[in-house]
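A short worksheet on the structure shown next.
Residue numbers (the numbering used here), protein chains in the order written: chain E, 5 to 110; chain S, 39 to 157.
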């Protein structure tokens with residue numbers, strides 16, 4: 005099974021900050037990597053797929069990069085609506101999710 | 039618009055079975071897969087398996103093989119997930135989610151169904 009490891013588990017930041025979340029795969033997944041945002045009591049929402057492609061309707065302050073085993077999600081300038089939990093997911097071989105990164109207000 | 043509407047919350051005793059439904063609308067049902075993912079309270083996301091509404095082909099996570107069954111009814115565009123021999127650690131919110139080909143990227147999610155297993 006492919007394991008996905010996210011860091012950090014919790015990230016404290018302020019509105020307007022630039023933040024980066026990392027995701028590492030236990031083996032190469034090419035660019036078969038997605039990022040989701042989840043708010044309390046809600047289903048996840050797809051932000052980015054194939055490592056760097058923005059899903060339709062997602063603001064351009066979100067971006068993704070990486071290939072192989074190392075990936076990042078960057079939010080260029082945080083808005084209040086961005087404070088949530090973020091998950092990475094590999095879909096190279098079945099599906100595995102990272103454990104999540106909670107982005108909280110500093 | 040794409041919608042996945044799931045059945046309501048369930049409370050089950052250990053050893054029982056639960057069957058959750060997921061009704062799809064707003065797209066061609068047989069052109070996309072459906073995955074089931076669960077999330078235990080305060081925990082991360084865990085994939086249970088996948089079904090193709092086109093031909094009924096399934097793929098289950100090894101952890102759940104023998105305990106989970108996924109089916110579809112194309113006449114009602116509904117997918118079902120049955121989990122048997124429930125244990126307390128099966129308590130979770132269960133989501134259905136659409137898989138976009140060719141790699142069946144999970145793009146739209148249902149609202150979730152809370153399954154509570156308690157004696």
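The beta carbon of each residue, even a glycine, is placed where N, CA and C say it ideally should be.
Predicted, not measured: the structure shown is a model, and the values here were computed from it.
Should residue 83 of chain E go down as buried or exposed, given a rule of 16 or more other Cβ atoms within 10 Å for buried? Translated into positions along the first chain, residue 83 of chain E becomes position 79. By the 10 Å Cβ count, residue 83 of chain E comes out exposed.
What span of residues does the beta strand (DSSP E) with residue 76 of chain S cover, start to end? Within the second chain, the letter at position 38 stands for residue 76 of chain S. Counting along the chain, the beta strand (DSSP E) containing residue 76 of chain S begins and ends at 71–77.
9 Å is my cut-off, CB to CB: does residue 30 of chain S come that close to chain E? Here chain S has residues from 39 to 157 only, and residue 30 of chain S is not among them.
Is it buried or exposed for residue 62 of chain S, if we count other Cβ within 10 angstroms and need 16 for buried? Your numbering for residue 62 of chain S matches position 24 in the second chain. Buried: at least 16 other Cβ atoms inside 10 Å.
By a C-beta neighbour count over all protein chains shown, 10 Å radius and 16 as the cutoff for buried, is residue 34 of chain E buried or exposed? Your numbering for residue 34 of chain E matches position 30 in the first chain. So residue 34 of chain E counts as exposed.
Sub-9 Å separation of residue 27 of chain E and residue 58 of chain E beta-carbons: Taking the first chain and counting its residues from 1, the one referred to as residue 27 of chain E is at position 23. Taking the first chain and counting its residues from 1, the one referred to as residue 58 of chain E is at position 54. Taking 9 Å as the Cβ cut-off, residue 27 of chain E and residue 58 of chain E do not qualify as a contacting pair.
Rounded to the nearest angstrom, what separates residue 48 of chain E and residue 157 of chain S at their Cα positions? As a working mapping, residue 48 of chain E is identified with position 44 in the first chain. As a working mapping, residue 157 of chain S is identified with position 119 in the second chain. Each residue's alpha carbon lies about 30 Å from the other.
So residue 65 of chain E and residue 79 of chain E are supposed to be a Cβ contact under 8 Å. How far apart are they, rounded? What you label residue 65 of chain E is simply residue 61 of the first chain in a count that begins at 1. What you label residue 79 of chain E is simply residue 75 of the first chain in a count that begins at 1. Here residue 65 of chain E really is in contact with residue 79 of chain E; their C-beta atoms are around 6 Å apart, less than 8 Å.
Does DSSP classify residue 75 of chain E as helix, strand or coil? Counted from its first residue, the first chain places residue 75 of chain E at position 71. Strand at residue 75 of chain E.
Residues in the same chain with beta-carbon distance under 6 Å from residue 67 of chain E, minus the five sequence neighbours each way, listed in chain order, please. Position 63 of the first chain holds residue 67 of chain E. Cβ within range, chain order: 78.
Is any beta-carbon of chain S found at less than 9 Å from that of residue 59 of chain E? Working through the first chain from its first residue, we reach residue 59 of chain E at position 55. Interface annotation, residue 59 of chain E: in contact with chain S, CB-CB separation under 9 Å.
Would you mind sorting residue 71 of chain S into buried or exposed? The rule is 16 or more other CB atoms within 10 Å of its CB. Within the second chain, residue 71 of chain S is the residue found at index 33, counting from 1. When all chains shown are included, residue 71 of chain S counts as buried.
By a C-beta neighbour count over all protein chains shown, 10 Å radius and 16 as the cutoff for buried, is residue 81 of chain E buried or exposed? Position 77 of the first chain, counted from the start, is the residue given in the question as residue 81 of chain E. Label assigned to residue 81 of chain E: exposed.
Can you list, in chain order, the residues of the region 102–125 of chain S whose Cβ is nearer than 8 Å to any Cβ on chain E? Residues passing the 8 Å Cβ filter: none.
Beta-carbon spacing of residue 84 of chain S, residue 154 of chain S below 9 Å: Taking the first residue of the second chain as position 1, residue 84 of chain S is located at position 46. Taking the first residue of the second chain as position 1, residue 154 of chain S is located at position 116. No. Outside cutoff.
Between the CA atoms of residue 25 of chain E and residue 12 of chain E - distance to the nearest angstrom: For the purposes of this step, residue 12 of chain E is taken as the residue at position 8 of the first chain. For the purposes of this step, residue 25 of chain E is taken as the residue at position 21 of the first chain. Roughly 7 Å between the two C-alpha positions.
Straight-line Cα distance separating residue 55 of chain S from residue 92 of chain E: Sequence index remark: in the first chain, residue 92 of chain E carries index 88 (1-based). Sequence index remark: in the second chain, residue 55 of chain S carries index 17 (1-based). Approximately 31 Å, taken between the alpha carbons.
Which of helix, strand or coil DSSP assigns to residue 18 of chain E: For the purposes of this step, residue 18 of chain E is identified with residue 14 of the first chain, where counting begins at 1. Coil, per DSSP.
With 16 as the cutoff for other CB atoms within 10 Å, does residue 90 of chain S come out buried or exposed? In the second chain, the residue the question calls residue 90 of chain S occupies position 52. Counting the other CB atoms within 10 Å of its CB gives residue 90 of chain S a total of 16 or more, which places it among the buried residues.
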